[in-house]
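Following: one structure in C-alpha cells, then a few remarks.
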Amino acid sequence: MTQYIIRRLLYSLPLLMGVNILTFVLFFVVNSPDDMARMQLGQKRVTEQAVENWKQQHGYNVPLLWNSDAQGEKKVTDTIFYQKSVGLFLFRFGVSDSGRNIGADIQERMWPSLAVALPSLIVGLLVNISFALMMVLFRNSYLEHAGIVLCVILMSVSSLFYIIGGQFLIAKLLRLVPISGYDDGMAAVKFLVLPVLIGVFSGIGSGVRWYRTLFLEEVEKDYVRTARAKGLTETQTLFRHVLRNAMIPILTGVVVVLPLLFMGSLIMESFFSIPGLGSYTIDAINSQDFAIVRAMVFLGSVLYVIGLLLTDISYTIVDPRVRLS
Amino acid sequence: MVILWTDALIFTLIAIMLGLALYMRGKEHIKRPMQQICRSKIGMVSLVVLVFFVLIGLLDSVHFKATGNKTNEIISLLDYWATPLREHGEKTYSAPFATTLYSKEMMTLADGATQWGYPRLEFGGSHLADPETQRMGDILQKAGYGFAQGAGLAAFFMALLWGTLAGQRKRLMLSSTTRTVWAVVFLIVSLSYTLIDLSSYYHVLGTDKVGEDVFYQAVKSIRTGLVIGTLTTLIMLPMAVIFGILAGFFRGWIDDVIQYIYTTLNSIPGVLLIAASILMVQVYMANHEAAFTSVVVRADMRLLFLCLILGVTSWTGLCRLLRAETLKLREMEYVQAAQALGVKQGMILLRHILPNVMHIVLISVVLDFSSLVLAEAVLSYINIGVDPTTYSWGNMINGARLEMAREPIVWWSLTAAFAFMFALVLAANLFADVVQDAFDPRRSGNE
Chain A
793 MTQYIIRRLL YSLPLLMGVN ILTFVLFFVV NSPDDMARMQ LGQKRVTEQA
843 VENWKQQHGY NVPLLWNSDA QGEKKVTDTI FYQKSVGLFL FRFGVSDSGR
893 NIGADIQERM WPSLAVALPS LIVGLLVNIS FALMMVLFRN SYLEHAGIVL
943 CVILMSVSSL FYIIGGQFLI AKLLRLVPIS GYDDGMAAVK FLVLPVLIGV
993 FSGIGSGVRW YRTLFLEEVE KDYVRTARAK GLTETQTLFR HVLRNAMIPI
1043 LTGVVVVLPL LFMGSLIMES FFSIPGLGSY TIDAINSQDF AIVRAMVFLG
1093 SVLYVIGLLL TDISYTIVDP RVRLS
Chain B
5 MVILWTDALI FTLIAIMLGL ALYMRGKEHI KRPMQQICRS KIGMVSLVVL
55 VFFVLIGLLD SVHFKATGNK TNEIISLLDY WATPLREHGE KTYSAPFATT
105 LYSKEMMTLA DGATQWGYPR LEFGGSHLAD PETQRMGDIL QKAGYGFAQG
155 AGLAAFFMAL LWGTLAGQRK RLMLSSTTRT VWAVVFLIVS LSYTLIDLSS
205 YYHVLGTDKV GEDVFYQAVK SIRTGLVIGT LTTLIMLPMA VIFGILAGFF
255 RGWIDDVIQY IYTTLNSIPG VLLIAASILM VQVYMANHEA AFTSVVVRAD
305 MRLLFLCLIL GVTSWTGLCR LLRAETLKLR EMEYVQAAQA LGVKQGMILL
355 RHILPNVMHI VLISVVLDFS SLVLAEAVLS YINIGVDPTT YSWGNMINGA
405 RLEMAREPIV WWSLTAAFAF MFALVLAANL FADVVQDAFD PRRSGNE
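From first to last, the protein sequence lines are chains A and B.
All residue numbers for the first sequence refer to the working numbering, where the first residue is 793 and numbers rise by one.
All residue numbers for the second sequence refer to the working numbering, where the first residue is 5 and numbers rise by one.
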C-alpha cells in the first residue's frame, strides 16, 4: 500500500511540473513583465522608469530563465522562473502584487470556503441520491416521467438565477437569514444556511439525472434479478444491492472533488461575500493581481492531483476486486 | 460587408454541417437514428425552437458598415432591421410597456411651472395622448393586429406548402409529430410578429439603466450565446478527435504523451485556467491597442479568444472518451482484418475508426452546447467572460444584479436575460436527450 502511494506520488510530480511550466508560459512568456507593469500602472504614457520601479518592487526585474550577468548558481536562482515558479512546489506562494503574503491569506481563507463547500457537498449528495433512488423505485411510472421533466427544467435554469432568486426570496422578502456576510465560529451558521441551500438546489437537476443513470445501469444487472427472485422487496434490493454497487462510480465523482472544496466556489462566495478562497480569486481577477491568480492555479492543480490519489486509494477500500498493481 | 472572425467561423461551421449532411444522406446507419429523432415530438419541437434561435443568430452575423451614418459603425442585418429599437433610447429605467420613466424627476410643464413626477418616455407609448386610459386598449389592439399579421403570414406559407405537396406526402404531414411542429412554428411566427409590432411602439421588456431597450439586448445576446456554444466545440473538436483516436490506436509512447497532456490540462481547475488566460488576453489587448480598430472588432476578438480558451479547457473529456472507444475498436475483427489485408494505418483510422466514433462526438457536441451557454453567463459575471461591450445574457445579469435592491425592484432586465437563456438551454437540453437516445447504441431500445 505504502509503495503504491509513493509510486502514485512520484507519478503526480511530472503533472505538477507540467502545470507549473504552463502557468509560467501563460504568465511570463505570452506577456512580458513589462506588459504587466504597463497594465498595472495604467495604459497611457508610462515612463520607462516607472515600469522599472514596478518590476523592481515585485521582483520581476530579473531575466526569465537564465541570468547571464550573475555568478555561479545565481545564474539559475536569480531568475523569474526560479523565484516565482519553483517556489510554488514548496508552497512558497510569495507576495501578492498588492504586497500581502499569499500563503498566510490562503491559510486564513480556506476555512470559510470549506464551511460553505463541505455542507453543500454532503447535503447535495444525500438529496440527489435519495431523489434518484426514489425515481428508480418508481421507474416507468408517471412519477418518474414528471421527475425527469422537472430535472431537465431545473438543469436548464442558470445557477445565477438560483442565487439571485434565492437571495431575493429568502433573505429579502422573507427575511429569514441575512442576505450576505460572514462571521467567525458558530455565528457563521446563519450566514451559511442560504448558500448551502442554494448550492444544493442548483445541483439537483443534473445530479439526480446522473445518479439515476448510474442506478438504472445497476438495476438491470443479473444479481439484482437474483436478489428479487429470492424474495427481497424492491426497497431492500435497492438499498442493499443497487446502492452499494453504485457507490463505486459515485465515489469517483465525490472523492476527487474533496480536496478542491478548499478552493470554494467563485460565484457563491462573491454573491454572499464569504471571505473564502473563491472570493479571494475573484478579487484577484478583478484587480488583475497576477501573483494570486498564479498561486491559485497551482494550488488548485495540487489539490486535484491529491484528489486523484485519494480516489485510487478509496477504490481499494470500497471495492475489494481492485488490487493495487 | 464586413466579415468578423466569429462570422467567418460561423459560416464555416454551417458549410461543414451542410457538407456533412450531404455526405450522410442515404447512409443507412445514420438514417435510423435520424428517423427516430424525427418521430420524437419533443425532439422536433426543441429543434424548431433551436432553429429559430439560430436564424436570429445568423441574421446578427451578417455585418456591414452602416451607410449614411456619421459614426460609420459596424452593424449587423439584425441591427439594421431593429434600427428603431436601437435608437429609441430613453433616459434611464422604465418598466415593460411603461409610458413613464421609472424614477421621479423635476418636470417643466407646458405653462412653465415645475412639478415633481414621472416624466413621459421619449418613445415608449409616445403616440398616446392620455396613457392612463388608452394604454391597455392600445396594447391589446396592437398585439392583436401583430398576431393577426403573423398568423396570416404563417398560414399563407403553410397553405402554399400544402398545395405544392404531392398526395402521398400529405399523409405524412398529418402525423401527430408534424402537426405539433406546425403548431409550434405557427405560434413562434405569430408571437414574434406580435413582439415586433409592439416593440416599435413600446419597450416590451422595459429599458435598462442607460435607457437601452432590454428586448433588443436580449435578442442581440442570442448570437453571443450561440457563438460560445458552437464555436467552442468547433475549435476543440479537431484536437479532441485527433488526439483521442491517435492515443487509442497507436498506444505506446504516443498514448503516454497525449494522456500526460490532457491530465495536466485537466488538473488545472477550469475557471482558474480561463481566468488566467483571459487576464493574459486583456494584457495583450491593452498593449496592442492599434491592432483593434473598432469596438466591435475588439469585442469580437475577445469573444473568439474566450471560445478558444473554453475549447482548450473542455476538450479533455471528449478526448478521453474517444481514446477509450478507439482502444475497444482497434481490437474489433474488421479493423484486424483491414490490418491483415495490408491497409495503411492512416486509411484504417480514416475509414474504419473515425466513422465509428462519430456518434460519441455528436452526442458530446450537443450535450456541451447548453453547459457552455450557461457557463458564459457565469464567466461574464466574474468579469472573465465576453467583452463588457458585447451584448450577452451574462453581461445583462451582471449589470442588473444590484437592481434587485431598488424599491420598487427593477426586475425586467434579469427576467428577460434568464427567460431567453432558459428557452435556449431548455431546447438544447431536450434536443440533446433525444439525440443521445437515438445515437447511443447503449440506449437504443429504450423507446
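Note that beta-carbon positions come from the ideal geometry of N, C-alpha and C, so glycine has one too.
Q) Can you tell me whether Glu451 of chain B is buried or exposed, with buried defined as 16 or more other CB within 10 angstroms of its CB? A) For Glu451 of chain B, the predicted model reports a pLDDT of 39, less than 50, meaning its position is unreliable; a value from the coordinates is still stated below. By the 10 Å Cβ count, Glu451 of chain B comes out exposed.
Q: In the DSSP assignment, find the unbroken beta strand (DSSP E) run with Ile78 of chain B in it and report its ends.
A: Ile78 to Ser80
Q.
Can you pull the chain B neighbours of Asn823 of chain A, defined as C-beta to C-beta under 8 Å?
A. Met284, Val287, Tyr288 and Asn291
**Q.** Every unbroken alpha helix (DSSP H) within the segment 275-362 of chain B, with a cutoff of 4 residues, ordered by chain
**A.** 299-333, 337-344 and 349-352
Q: Ignore the nearest five residues each way along the sequence and tell me which others in Arg327 of chain B's own chain have a CB closer than 7 Å to its CB.
A: Gly248, Ala251 and Gly252
Q) From the beta carbon of Asp1014 of chain A, is the nearest beta carbon of chain B less than 8 Å away? A) no
Q.
Using C-beta distances below 6 Å, list every residue in its chain close to Leu1006 of chain A, excluding the 5 sequence neighbours before and after it, in chain order.
A. Ala1038 and Pro1041
Q. Starting from Phe68 of chain B and walking both ways along the beta strand (DSSP E), at which residues does that stretch end?
A. His67 to Lys69
Q) Identify the residues that DSSP records as bridge partners of Ser1106 of chain A: which are they? A) For Ser1106 of chain A, which the question treats as bridged, DSSP gives no partner whatsoever.
Q: Would you decide whether Thr87 of chain B is buried or exposed? Buried here means 16 or more other CB atoms lie within 10 Å of its CB.
A: exposed
Q: Under 8 Å between beta-carbons, which chain A residues line up against Met240 of chain B? List them in chain order, please.
A: Near Met240 of chain B there are no residues of chain A at all, since even the closest Cβ is about 17 Å away, more than 8 Å.
Q: Using a Cβ-Cβ cut-off of 8 Å, state whether Ile401 of chain B counts as contacting chain A.
A: yes
Q) How many Å lie between Leu925 of chain A and Ile996 of chain A at the Cα? A) 13 Å
Q. Looking only at C-alpha atoms, which of A:Glu1061, A:Leu989 and A:Phe923 sits nearest to Val1000 of chain A?
A. A:Phe923
Q: Say whether chain B places a C-beta atom closer than 8 Å to the C-beta of Met926 of chain A.
A: no
**Q.** C-alpha distance - Asp861 of chain A paired with Val854 of chain A, whole-angstrom precision
**A.** 10 Å
(Q) Judging by CA-CA distance, which residue of B:His292, B:Glu335 and B:Arg124 is the nearest neighbour of Asn823 of chain A? (A) B:His292
**Q.** Pair within 8 Å by beta-carbon distance, Tyr1072 of chain A and Ile1059 of chain A
**A.** no
Q: May I ask which residues mark the beginning and end of the beta strand (DSSP E) holding Gln863 of chain A?
A: Here Gln863 of chain A belongs to no beta strand (DSSP E), and DSSP marks it neither H nor E.
(Q) Measuring alpha carbon to alpha carbon, tell me which residue in B:Val52, B:Thr10 and B:Leu105 is nearest Gly229 of chain B. (A) B:Thr10
(Q) Tell me the residue span of the beta strand (DSSP E) that contains Met110 of chain B. (A) Glu109 to Thr112
(Q) Can you tell me which residues form a DSSP beta bridge with Asp121 of chain B? (A) It should be noted that the sequence gives Gly, not Asp, for residue 121 of chain B. Per DSSP, B:Glu109.
Q) Grouping DSSP H, G and I as helix and E and B as strand, with all else coil, what is Ser98 of chain B? A) strand
Q | Cβ of Asn433 of chain B within 8 Å of any chain A Cβ | A | yes
Q: Could you name the residues that DSSP lists as bridge partners for Thr211 of chain B?
A: B:Ser98 and B:Asp217
Q: Please state if the CB of Ala963 of chain A and the CB of Ser1057 of chain A are separated by a distance shorter than 8 Å.
A: no
Q: Rank A:His1033, A:Phe816 and A:Met902 by C-alpha distance to the C-alpha of Phe873 of chain A and give the top, closest one.
A: A:Phe816
Q: Can you grab the Cα-Cα spacing for the pair Gly449 of chain B / Thr1018 of chain A, in whole Å?
A: Legend: pLDDT at Gly449 of chain B = 46, less than 50; position of this residue unreliable, no value from coordinates given.
Q.
Looking only at its chain, what residues have a beta carbon closer than 6 Å to the beta carbon of Glu1061 of chain A, apart from the 5 residues adjacent to it on each side?
A. Gly1068, Gly1070 and Ser1071
**Q.** The alpha helix (DSSP H) enclosing Lys146 of chain B, as first and last residue numbers
**A.** Pro135 to Thr168
Q.
Measuring only the C-alpha atoms, how far is Leu807 of chain A from Ala303 of chain B?
A. 35 Å
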